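Scroll down for the structure; my scribbles are underneath it.
Residue numbers (the numbering used here): 28 to 232.
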């Protein structure tokens, strides 16, 4: 994985890809006039990054005490990442219960946008597996279009979501990287969003 530097701050390509993914999702939601959902996802992203960054205090407490400025350069690592994911998912879970989002499959659409943009940017930044980058783009567009054919049906949305996640698993298995952090993240997100869509279908019955 490539690393980039801005001044004295260094960060991996995955950070840039994550930022682009959520920016893409935010722009999509604003263009579709889903301001409430846009705020929901932007807040979740902020919570993820803030928790990930500040969790270094928990996992490297002695280092931070000795050198407080190191908090600027370090993060909580893999433990901090999963803590951030858990915090973001918890926020999403609690906030979505109060939201007034009308379209049952909206979260599925946003999830497809997030993953597709992340994978595309990640491949391009690392300048490797360009074929897989093309597959991600084509696959993301195809699943998005299939979802739009029956966007009012939450069960259809769940099915598309599951198949999209399986598609990601197939690509990662071709890379020999099936048991990876991205796939674990995608699976966790799929379970949360599928539950949200199913709950929405029950509410509308």
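Note that the Cβ used here is the ideal one computed from N, Cα and C, for glycine as well.
Please read all numbers here as calculations on a predicted model, not as lab measurements.
Determine the DSSP secondary structure at residue i, reduced to helix, strand or coil.
i	result
residue 38	strand
residue 179	coil
residue 101	coil
residue 89	helix
residue 192	helix
residue 124	coil
residue 63	helix
residue 69	helix
residue 82	coil
residue 106	helix
Would you say residue i reaches chain B, if we count a Cβ-Cβ gap shorter than 8 Å as a contact?
i	result
residue 193	Chain labels in this structure do not include chain B; a single protein chain is all it has.
Which first and last residues belong to the alpha helix (DSSP H) in which residue i is found?
i	result
residue 133	133–153
residue 204	Neither: residue 204 is in no alpha helix (DSSP H) and is coded neither H nor E.
residue 94	Note, residue 94: premise wrong, no alpha helix (DSSP H); not H, not E.
Is it the case that the Cβ atoms of residue i and residue j are separated by a distance below 8 Å?
i	j	result
residue 71	residue 120	no
residue 170	residue 141	no
residue 184	residue 132	yes
residue 152	residue 44	yes
residue 52	residue 137	yes
residue 76	residue 103	no
Touching or not, the segment 107–115 and the segment 70–82, by the rule of three or more beta carbon pairs under 8 Å?
yes
Would you call the segment 149–161 in contact with the segment 170–186, where contact means no fewer than 3 C-beta pairs closer than 8 Å?
no
For the segment 115–124 against the segment 192–204, do three or more pairs of beta-carbon atoms, one drawn from each stretch, fall closer than 8 Å, so that the two count as touching?
no
Are the segment 144–156 and the segment 184–194 in contact at 8 Å, needing three or more beta carbon pairs?
no
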